[in-house]
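Below is one structure; the comments refer to it alone.
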Amino acid sequence: MDGTYSQNDLSHVVDADKAHVWHHLVQHKQFESKDPNIIVEGKGMRVWNQAGKEHLDAVSGGVWTVNVGYGRERIAKAVYDQLLRMNYFAGAAGSVPGALFAEQLIAKMPGLTRVYYCNSGSEANEKAFKMVRQIAHKRYGGKKNKILFRDRDYHGTTIACLSAGGQDERGAQYGPFTPGFVRVPHCLEYRAADQGAPTEGYGEWAADQIEQVILAEGPDTIGAICLEPVTAGGGVITPPEGYWQKVQDICRKYDILLHIDEVVCGVGRTGTWFGYQHYGIEPDFVTMAKGVASGYAAIACCVTSERVFDLFKDDASDPLNYFRDISTFGGCTAGPAAAIENLAIIEEENLLENTVEMGDYMMGCLLELADKHRVIGNVRGKGLFLGAELVADRDTREPAPEAKVQAVVGDCMAQGVIIGATNRSVPGYNNTLCYSPALIATKDDIDQIIAATDSALTKVFG
Ligand code: PLP
């Protein structure tokens, strides 16, 4: 650590935190006897806490965010310069970094043309939901307003996003929910048998399930479908062969808008700029947040096709024919200023290539671990976005108990490596270890992550 804070300063910080901070995702009664983990500094892939303990961060800031790693001076400097020049202006006004980042982003997303700025993944998804609803009112007398979402996917924390949430433990106790969101089955091939699905042609089968829901609801009532390209918190679910093409065909057949939630996969995580680009599909909406500026500033985007954009401007005589929405902090310039540098770093340091190469290496390491530890039932993922599903029994595929999965995470932490696990999301299936190191990860970093996991699995499962 650089010595900016004395031990006295840091003990005061711990006291202040314990007295006043309500932490995300924490059961505070269980937390009372412990000191909070204050992350004081970060550099590259590593962070240091108040005790000066170094950790290798294999989850990019906890939730798949810090894609370019910590301590990037050029991002900090660009934000600093921009804030002094012009920090904020809301509403219809534009900004220099807002215009330039939009241009750079669109250049990486053929078929899409417009960027709508806001602050969080949830908010970006809400924007897309609102656009779908407004299109329904404008074109279909309000009827084509339902939005399909998929079991095990997550789209954010607001009530509408939870209404579109396929992780029931996240939504439990927050109902009643917003009407008009309809669930379709998940596409996790490893769990095909639980769905009564065939093992051959699973991808087509899973897509067919979506069509069945559309037919049951009535195609003229469905406005859009919102899906993660690779499901994140629901268990790192890579789509099965043939799935995406069929989903796109179904959308076209029934005139259903395709909304891809790239909040996790977006901006390099899977080794392409966007996760959907692996599958040759052409979405109408793409939402993104976490990796857009790697957490150096809050920024999220709802990106649309010109076809969608046109629907909000084609009748200037109608006083309601525009998107009547504003995001106060969508007017902050720090986000796009940071995002421009973030993109430049990924390009100049060839981080997409590194993500593919290191992702393949890490996948190989996890498969080797699976040969050694029978508790690893399935390894999946794309790029530097990987998961290992733990099972109590390989034959029955009974999930490993959540407490033991968390014990593996805890033991890695004690060894100085931060990994993640699905947590209080899908009832009964919080059993997947999650890895999403920064896109700068090296073989040495990955070896350290794998060694910690290996040792933790031995301690917890024998
Ligand atoms: N969409 C996905 C796929 C996510 O994983 C998340 C958050 O983890 C969100 C949306 C919500 O993003 P935020 O927490 O920025 O609102």
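For the sequence shown, position 419 (counting from the first letter as 1) is numbered 419 according to UniProt numbering, and the numbering increases by one without interruption. C-beta atoms are modelled at their ideal positions from N, C-alpha and C, and glycine is treated no differently. Owing to the predicted nature of the structure, the values given are computational and were not obtained by experimental measurement.
> Can you tell me where the beta strand (DSSP E) with residue 522 in it begins and where it stops?
Replying inline: Residue 522 falls outside the range modelled here, since the chain spans only 1 to 462, and no answer is possible.
> Any idea which residues DSSP pairs Tyr-88 with across the strands?
Replying inline: Cys-332
>> Check this for me: beta carbons of Lys-290 and Thr-432, under 7 Å apart or not?
In response: no
>> Less than 6 Å separating the Cβ of Asp-261 from some heavy atom of ligand 1?
In response: yes
>> Can you confirm whether the segment 238 to 258 touches the segment 101 to 110 when touching is taken to mean that 3 or more C-beta pairs between the two stretches lie within less than 8 Å?
In response: no
> Who pairs with Asp-393 in a beta bridge, going by DSSP?
Replying inline: Glu-398
>> Quick test of your reading: Val-292 and Val-308, contact by CB under 8 Å. State the CB separation rounded to the nearest angstrom.
In response: That pair is no contact at about 20 Å.
>> Considering only heavy atoms of ligand 1, does any lie closer than 6 Å to the CB of Glu-228?
In response: yes
> Of all the alpha helix (DSSP H) runs that stay within the bounds of the segment 337 to 408, which reach a length of 4 or more residues?
Replying inline: 351 to 372
> To the nearest whole angstrom, what separates the beta carbons of Ala-441 and Met-358, a pair I think is in contact under 8 Å?
Replying inline: 5 Å
>> Please determine whether the Cβ atom of Gly-275 lies at a distance below 6 Å from any heavy atom of ligand 1.
In response: no
> Pick from Thr-422, Gln-50, His-278 and Val-213: whose alpha carbon is nearest that of Asp-2?
Replying inline: Gln-50
> What is the DSSP secondary structure of His-155, reduced to helix, strand or coil?
Replying inline: coil
> Whole-angstrom Cβ separation of Leu-162 and Ile-222, contact assumed at under 8 Å?
Replying inline: No, Leu-162 and Ile-222 are not in contact; Cβ-Cβ is about 20 Å, not under 8 Å.
> According to DSSP, which residues form a beta bridge with Glu-54?
Replying inline: Trp-48
>> I need the DSSP call for Ala-421, collapsed to helix, strand or coil.
In response: strand
>> Classify residue 472: buried if its beta carbon has 16 or more other beta carbons within 10 angstroms, exposed otherwise.
In response: Nothing about residue 472 can be read from this structure; the chain reaches only from 1 to 462.
> Assuming Ile-419 and Val-59 make a contact with CB atoms under 8 Å, what is their CB distance in whole Å?
Replying inline: 6 Å
> Can you give the Cα-Cα distance for Ala-193 and Tyr-202, rounded to whole angstroms?
Replying inline: 10 Å
>> My assumption, with CB atoms under 8 Å, is that Gly-62 sits in contact with Ala-438. Please give the rounded CB distance.
In response: In fact, because the Cβ distance is near 12 Å, the residues do not count as touching under 8 Å.
> Relative to the alpha-carbon of Gly-428, which residue among Ser-436, Val-408, Ala-403 and Glu-341 has its alpha-carbon at the smallest distance?
Replying inline: Ala-403
>> So if DSSP puts Leu-227 in a beta bridge, which residue, or which two residues, is it bridged to?
In response: Ile-260
> Taking just the CA atoms, how far does Ala-78 sit from Glu-341?
Replying inline: 7 Å
> Cβ-heavy atom distance between Tyr-429 and ligand 1 below 6 Å?
Replying inline: no
> Rounded C-beta distance between Leu-228 and Val-264? I'm assuming under 8 Å.
Replying inline: A quick correction: the sequence has Glu, not Leu, at residue 228. Correct: roughly 7 Å between the Cβ atoms.
> Out of Ser-6, Gly-377, Phe-323 and Gly-381, which has the shortest C-alpha to C-alpha gap to Val-391?
Replying inline: Gly-377
>> If I follow the unbroken alpha helix (DSSP H) through Val-460, where does it start and stop?
In response: 443 to 461
> CB-CB under 8 Å to Tyr-174, same chain, minus the five flanking residues each way: which ones, in chain order?
Replying inline: Ile-159 and Leu-162
>> Taking 6 Å as the cut-off, is the C-beta of Ser-122 nearer than that to any heavy atom in ligand 1?
In response: yes
> How many Å lie between Ile-260 and Asp-284 at the Cα?
Replying inline: 8 Å
> When the Cα of Arg-380 is compared with those of Glu-389, Glu-126 and Asn-87, which residue comes out closest?
Replying inline: Glu-389
>> Going by C-alpha to C-alpha distance, which of Pro-399, Ile-214 and Glu-241 sits closest to Ser-257?
In response: The sequence as given places Leu at residue 257; Ser does not occur at that position. Closest option to Leu-257, Cα to Cα, is Ile-214.
>> Output needed for Leu-351: all residues of its chain with C-beta closer than 8 Å, excluding positions within five of it in sequence on either side, in chain order.
In response: Asn-67, Val-68, Gly-268, Ile-345, Leu-439 and Ile-440
> To which residues of the same chain is Ala-207 closer than 7 Å at the C-beta, ignoring the five residues directly before and after it?
Replying inline: Tyr-243, Lys-246, Val-247 and Ile-250
>> Rounding to the nearest angstrom, what Cα-Cα distance links Glu-200 and Val-96 in this structure?
In response: 52 Å
> Can you tell which of Ala-136, Val-236, Glu-217 and Ala-172 has the C-alpha that lies nearest to the C-alpha of Asn-321?
Replying inline: Ala-136
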